[in-house]
Amino acid sequence: MQLTKSLGISRKEGATGARNRSRNRSRRGLRARRWAGWLFALPALAFYGVFNFRPVLLSIQYSFYDWDGVGASTWVGMKNYVEVFTDSEQFSSLLHAFYLILFFTVLPVTLALITASVLRQLQGRFTGALARTLLFLPQIIPGAAAGVAWTWMYSDNGVVNQLLRAIGLDSLARPWLADFTWALTAVGFIGTWLSAGLCTMLLLAGIGKIDASLYEAARIDGAGPIRQFWSVTLPGLRAEIGVCVTITIIAALASFDVVYLATQGGPGTQTMVPGVAVYTLAFNDNRLGAASALAVVLALIVIAIVAPLQRLFREK
Amino acid sequence: MLEHPTPSPARSTTGAAGKRLRAALAAVAAGSALATLAACSAPGSGSDSGSPADATPTAVNTAVGDTPATLTLFSAAGLQAYEQGLADAFEAKYPKIKVKLRVEADNNYNTVLPRVLASDSAPDIVQPYDLLGGVKDNLLTNLDAYDKAYGWSSKVPASALAPGRVSNGVIGSGPLYQAGGSAGPLVGVFYNKELAAKVGMKTPPASVAELEAVMAKAKKQGITPIVASNQDGLIGHLYNLLLGDYMSAQALSDIVYHKPGASLDTPEAVKATKTLQKWIKAGYFASDVNAINQEASYGQFTGGKGLFFFQGSWIVQTIDKNFKGKYGVFPMPPAEKGGKYAGMTSNTLAFSIASRSKNKDAAALFLDFLTTPEAAKVAVDNGYAALTSDAKSAGKPSLSGTLTEQIQAGYAAIAADNGFDSWLQNSTPEVNTKLNQQLQLLVSGKVEPAAMVKTLQTTYADALKSS
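So the protein sequences, as listed, match chains A and B. So for the first sequence, our numbering puts the first residue at 267; every next one is plus one. So for the second sequence, our numbering puts the first residue at -8; every next one is plus one.
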């Protein structure tokens, strides 16, 4: 008892001492300390510059050239950018990416909101922990592995079709990823499965942060579970929903691994997304310039969508 | 990317002035970035390349067999066993020289090859997939001096070396860039023996019509006539066989080798495409063939899920060993009975030397080794066919005999008709991408043969124009 007390005092004294000293030399030290901060950040910044910023600049540069990646290149001005919007294949890949937002973002966030609210009631119980684990499981499986696993489930004799046939929906059974009309939707559902768990976990954490007294007050005022959801849960999750929406929209627009492994963009170009198109242009067709132009356009689109969202979801 | 959701106090105090300052800073940054870009030299101008590449050596040394050296052979995983076999046989003959394999996954091989060749740690020996591109970008060695020193042109059949010659962006004549012996895969019709017996196939079909009759019979008995994978566009093997049949091997090769005036947009090509379309519509493929990849198709074939498998004899290296003896192969029958055999092949015994190789003389010795019977034997053991003297007496294609005998016989039959051609995919990388998509569209019934041929021709012509 005695000991802890004295220790506590001495610590307090030490802290005030330091503060006093720092105040004494603050004028001179402020500027130096500002630069010292940058010095500490320098290694990280150097890596960022070499491995992130430089490639971005190089991509922008390449996008104005016709280049096979190895030999000589020719300056072509805006030609590659014009192609992004006039070449039906490249342009449709952008549209597909927007369609995927429905499956990567809208569906998972909606599902996650519902499951998170339901799980809130189960919190602390064994079933709650089990449900959380199961929901989060897809998140620890790499997208590439999921892509392969889902190709099996979607195949003609795969689990999906077996289920459909088992409940008498034979007419709906089809080779999903080979089906011209349904391939993109089928790929989209893989995305739903992948991101629903992450969103649920984020939202659950967010719900945990909401003051329990708010729910209690709402209950006393006679609010049922649904009213509580709209008036307490949803406003309280504003920031978390923002994070979910941002992450998943980027995942949708920049999707690559799942699509590449599930369909490689086929059948035809039905599931071609910008990520796979960039890869194909760059490494199959050896057209680095065209690939870079599409990548730059994609990056601009992502920024144009995500930046306003940041404002929208910022807590007041 | 993610901004912190709560505004930091630092930011709120700076206010409008801070915003203006940030905008100005951003403008300066953007401006300087653009200036940097403008100052940069054009990509690929060679400023970042390390050691200089010597693409046309003149002083060559053939007496290197006793000089210790280590060669690197860049190999695709699917060919690893075969190429390791070549390396072992070479080391047995020249113990002082080691040959190390650097193995890349099959589906990455073509993608990384140009970049690997352009790197400072380029391998010595490769089998280039895009020979024209490799020559254009100065990645491969002009072998003329070695050819003269070793006398390859006089010991190896001219037809085996012609696909390794490039002049002015056309394959077939000029300086030699890929050399070695002469052996290649038979691309033909693999069949499941048990199912073939069920449908009563006793002799190899002698025409496309006869082949079709067998497939119709199989379909009626509930047997899927053709196993294929088309997520990766490998119905292309069958499509190429049909193209060679209807267009002639020469006409197809002319396109692949960029002969001026060669065109795919011909009635014969449309006819070949229509034949494939007819088989698709008749249900000769599994309904999810567009979603199947090569690995899965191997499993389907060895699992007895279909009668025919249009593939190359390289599959014997990867296909389930338990299935050995249960399948055979015959060459793609000619379009009409008594017509000429045609089929794709590539010289698997011919390799190139990277222009950045530091062991060109030793690498050339390896190439010379490929012209020997020891190397040919390794090829034959791995499912390839070599035109050795005993292969000439291999006889006519039949459904009896061992798989190796059938491969030799089929290869000899095509050789006798001068019917070797190459894959349309190899004409340009853009055609490769486009063909896969078009084949998937054809399977889905979303493109008509005439339109498909026109699209492919346009892609081909555009690619030639830009290169």
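Ideal Cβ positions, reconstructed from N, Cα and C, are used throughout, including at glycine.
{"Item": "Which chain A residues are close to ASN281 (chain B), counting only those with a beta carbon under 7 Å from its beta carbon?", "Value": "ALA444, GLY532, PRO533"}
{"Item": "Do we get a CB-CB distance below 9 Å when we pair VAL147 (chain B) with the residues of chain A?", "Value": "no"}
{"Item": "Count the C-beta pairs between the segment 318 to 338 of chain B and the segment 48 to 55 of chain B that are closer than 8 Å, then say yes if the count reaches three, no if not.", "Value": "no"}
{"Item": "List the endpoints of the continuous alpha helix (DSSP H) containing ILE456 (chain A).", "Value": "449 to 475"}
{"Item": "How is ARG580 (chain A) classed by DSSP in three states: helix, strand or coil?", "Value": "coil"}
{"Item": "Output yes if chain A places a C-beta closer than 9 Å to the C-beta of THR61 (chain B); else output no.", "Value": "no"}
{"Item": "If you follow the beta strand (DSSP E) that ILE88 (chain B) is in, where does it begin and where does it stop?", "Value": "88 to 95"}
{"Item": "Nearest-angstrom Cα distance between GLY436 (chain B) and GLN302 (chain B)?", "Value": "23 Å"}
{"Item": "Along the segment 125 to 148 of chain B, where does the CB come closer than 8 Å to a CB of chain A? Name the residues.", "Value": "LYS127, ASP128, ASN129, LEU130"}
{"Item": "Relative to chain B, which residues along the segment 331 to 357 of chain A have a C-beta separation below 9 Å, given in chain order?", "Value": "TYR331, ASP332, TRP333, ASP334, GLY335, VAL336, GLY337, ALA338, SER339, THR340, TRP341, GLU355"}
{"Item": "For the alpha helix (DSSP H) containing VAL320 (chain B), list its first residue and its last residue.", "Value": "It is not in any alpha helix (DSSP H) - VAL320 (chain B) instead sits in the beta strand (DSSP E) that spans 318 to 322."}
{"Item": "If you follow the alpha helix (DSSP H) that LEU123 (chain B) is part of, which residue opens it and which one closes it?", "Value": "122 to 127"}
{"Item": "Thinking just about the alpha-carbon of each residue, which of A:LEU379, A:ASN552, A:LEU554, A:SER354 is nearest to the one in LEU464 (chain A)?", "Value": "A:LEU379"}
{"Item": "According to DSSP, is MET335 (chain B) part of a helix, a strand, or is it coil?", "Value": "strand"}
{"Item": "Counting only beta-carbon atoms, is SER418 (chain B) nearer than 9 Å to chain A?", "Value": "no"}
{"Item": "Any idea what DSSP makes of SER346 (chain B), helix, strand or coil?", "Value": "coil"}
{"Item": "So, using beta-carbon positions, are VAL568 (chain A) and ILE515 (chain A) closer together than 9 Å?", "Value": "yes"}
{"Item": "Once DSSP output is grouped into helix, strand and coil, what is the label at GLY303 (chain B)?", "Value": "strand"}
{"Item": "Based on Cα-Cα distance, which residue from B:TYR168, B:ASN281, B:ALA403 lies nearest to ILE226 (chain B)?", "Value": "B:ASN281"}
{"Item": "Alpha carbon to alpha carbon, what distance is there between LEU547 (chain A) and LEU108 (chain B)?", "Value": "19 Å"}
{"Item": "Is there a C-beta anywhere in chain B that falls below 9 Å from the one on ARG431 (chain A)?", "Value": "no"}
{"Item": "Show which residues of chain B have a CB atom less than 9 Å away from the CB atom of ASP436 (chain A).", "Value": "Simply none; closest approach about 13 Å."}
{"Item": "To the nearest angstrom, how far is the alpha carbon of TYR182 (chain B) from that of THR419 (chain B)?", "Value": "31 Å"}
{"Item": "By how many angstroms is the C-alpha of PRO440 (chain B) removed from the C-alpha of THR395 (chain B)?", "Value": "36 Å"}
{"Item": "Under the DSSP definition of a beta bridge, which residues are partnered with VAL509 (chain A)?", "Value": "Its beta-bridge partners do not exist; DSSP assigns none."}
{"Item": "For ASN318 (chain A), return the contacting residues in chain B, with the cut-off set at a CB-CB distance below 7 Å.", "Value": "Within 7 Å Cβ-Cβ: nothing; ASN318 (chain A) doesn't reach chain B, min ~11 Å."}
{"Item": "Please compile the residues from chain D whose C-beta is within a distance smaller than 9 Å of the C-beta of ARG347 (chain B).", "Value": "As a matter of chain content, chain D is missing from the structure shown, whose protein chains are A and B."}
{"Item": "Do we get a CB-CB distance below 9 Å when we pair GLU421 (chain B) with the residues of chain A?", "Value": "yes"}
{"Item": "Evaluate the contact criterion for the segment 104 to 118 of chain B versus the segment 126 to 141 of chain B: three or more CB pairs, one atom per stretch, below 8 Å.", "Value": "yes"}
{"Item": "Going by beta carbon distance, what residues of the same chain come within less than 6 Å of ASN427 (chain A), once the five residues before and after it are set aside?", "Value": "ALA439"}
{"Item": "Check whether chain A comes within 9 Å of VAL434 (chain B), counting only Cβ atoms and requiring the distance to be less than that.", "Value": "yes"}
{"Item": "Using a Cβ-Cβ cut-off of 9 Å, state whether TYR591 (chain A) counts as contacting chain B.", "Value": "Only positions 267 to 582 of chain A appear in this structure, which leaves residue 591 (chain A) out of reach."}
{"Item": "Assuming contact is defined by CB atoms lying nearer than 9 Å, are VAL190 (chain B) and ALA209 (chain B) in contact in what I supplied?", "Value": "yes"}
{"Item": "Start and end of the alpha helix (DSSP H) containing LEU323 (chain A)?", "Value": "320 to 328"}
{"Item": "Should the segment 518 to 538 of chain A be regarded as contacting the segment 416 to 431 of chain B, the criterion being three or more beta carbon pairs within less than 8 Å?", "Value": "yes"}
{"Item": "Identify which residue in B:GLU327, B:LYS262, B:ALA136, B:GLY163 has its Cα closest to the Cα of LYS445 (chain B).", "Value": "B:LYS262"}
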